[in-house]
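In what follows, a single structure is set out as structure tokens and then discussed.
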Amino acid sequence: MENHRSRLAVLSNLTRHSLDNCALFVQTCLLCAGDGGSDGLCTACRADLAPLPAAHCPICADTAPAGLPCPHCRRRRPAFDTLHAPFIYAWPLNALIHAFKYGRRLDMAHALSSLFAREAPDGPVRPDLVVPVPLFAARLAERGFNQSLELARAFAVRMAAPLDDTLCVRVRNTPPQARLERAERARNVADVFVVKRAVTGLAVAIIDDVATSGATLDALAAALKKQGAHRVDAWVLARVFYSKT
């Protein structure tokens, strides 16, 4: 517990640093302030990240017996073909993502994107195109950056695939999914994405920071398939194990 409080205190203190200290975050562990690696975490803190268990749905990566689709995916398969995540959305990764996303911590982008690119599992096919989940223009202006784009840059390099952050547009400023109950999430993002040009026959990888119900990824994948995508696979840094009953 004491170690947990110490890490929280360090993370809180780090939020007060400016972008001028960007180099520090690459070399110093974001959690314990010890010597960190290229992903911003020391060996001990990196070992605390909770990997996605083997027992997960092969479609949406939620809790399910290994190799078997979850009840939700059996009732209605999402538009994306598979969802991949290296980690569970749990301490300490959830604290890092929250600071990055809502604390406007762009200085953490290199660390988290390096972690994502290294640990993200391979998919069944190599993508022809990498697309970040877009933010609504007003929210992008408020935050100053799109966290999904920062992750997608490193992922595209790893996959040796082109990145296109202009292909998809979010046309409505919807309430954040994190504030909604499961049943509201799909309605919240219905028809919220527009794909500006055809992607006929392409295998597209869509990238986001966190998946909870998968509704946002489902909606974006549906829009891409309407424009001819042959396959859409989703990758996120962390997966919330979310009840779909």
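All letters in the sequence shown, in the order written, are residues 121 to 365 by this note's numbering. Using N, Cα and C, we set each Cβ at its ideal position, and we do this for glycine too. Predicted, not measured: the structure shown is a model, and the values here were computed from it.
query	result
Residues near His-278 by beta carbon distance below 7 Å, same chain, minus five either side	Note that residue 278 is Arg in the sequence shown, not His. Counting only Cβ-Cβ distances below 7 Å, and skipping sequence neighbours, we find Ala-237.
Ranges of the beta strand (DSSP E) found wholly within the segment 245-309, counting only runs of at least 3	249-252, 288-290
Own chain residues within Cβ distance below 8 Å of Gly-187, not counting five before or after	Pro-178
Arg-225 - DSSP class collapsed to helix/strand/coil	coil
Top-ranked residue by Cα proximity to His-192, from Val-253, Gly-334, Asp-242	Gly-334
Cβ neighbours of Gly-264 in the same chain (closer than 8 Å, five flanking residues each side left out)	Arg-224, Leu-226
Which of helix, strand or coil DSSP assigns to Leu-357	strand
Segments of 3+ residues assigned as beta strand (DSSP E) that fall wholly inside the segment 176-207	202-204
Residue range of the beta strand (DSSP E) that includes Ala-153	Per DSSP, Ala-153 belongs to no beta strand (DSSP E) and is neither H nor E.
Contacts around Asp-353, its chain only, beta-carbon distance under 8 Å, and the 5 residues preceding and following it disregarded	Phe-200, Asp-201, Thr-202, Leu-203, His-204, Gly-243, Pro-244, Val-245, Pro-247, Ala-323, Val-324, Ala-325, Ile-326
Pro-252 versus Leu-269: straight-line alpha-carbon distance, rounded	5 Å
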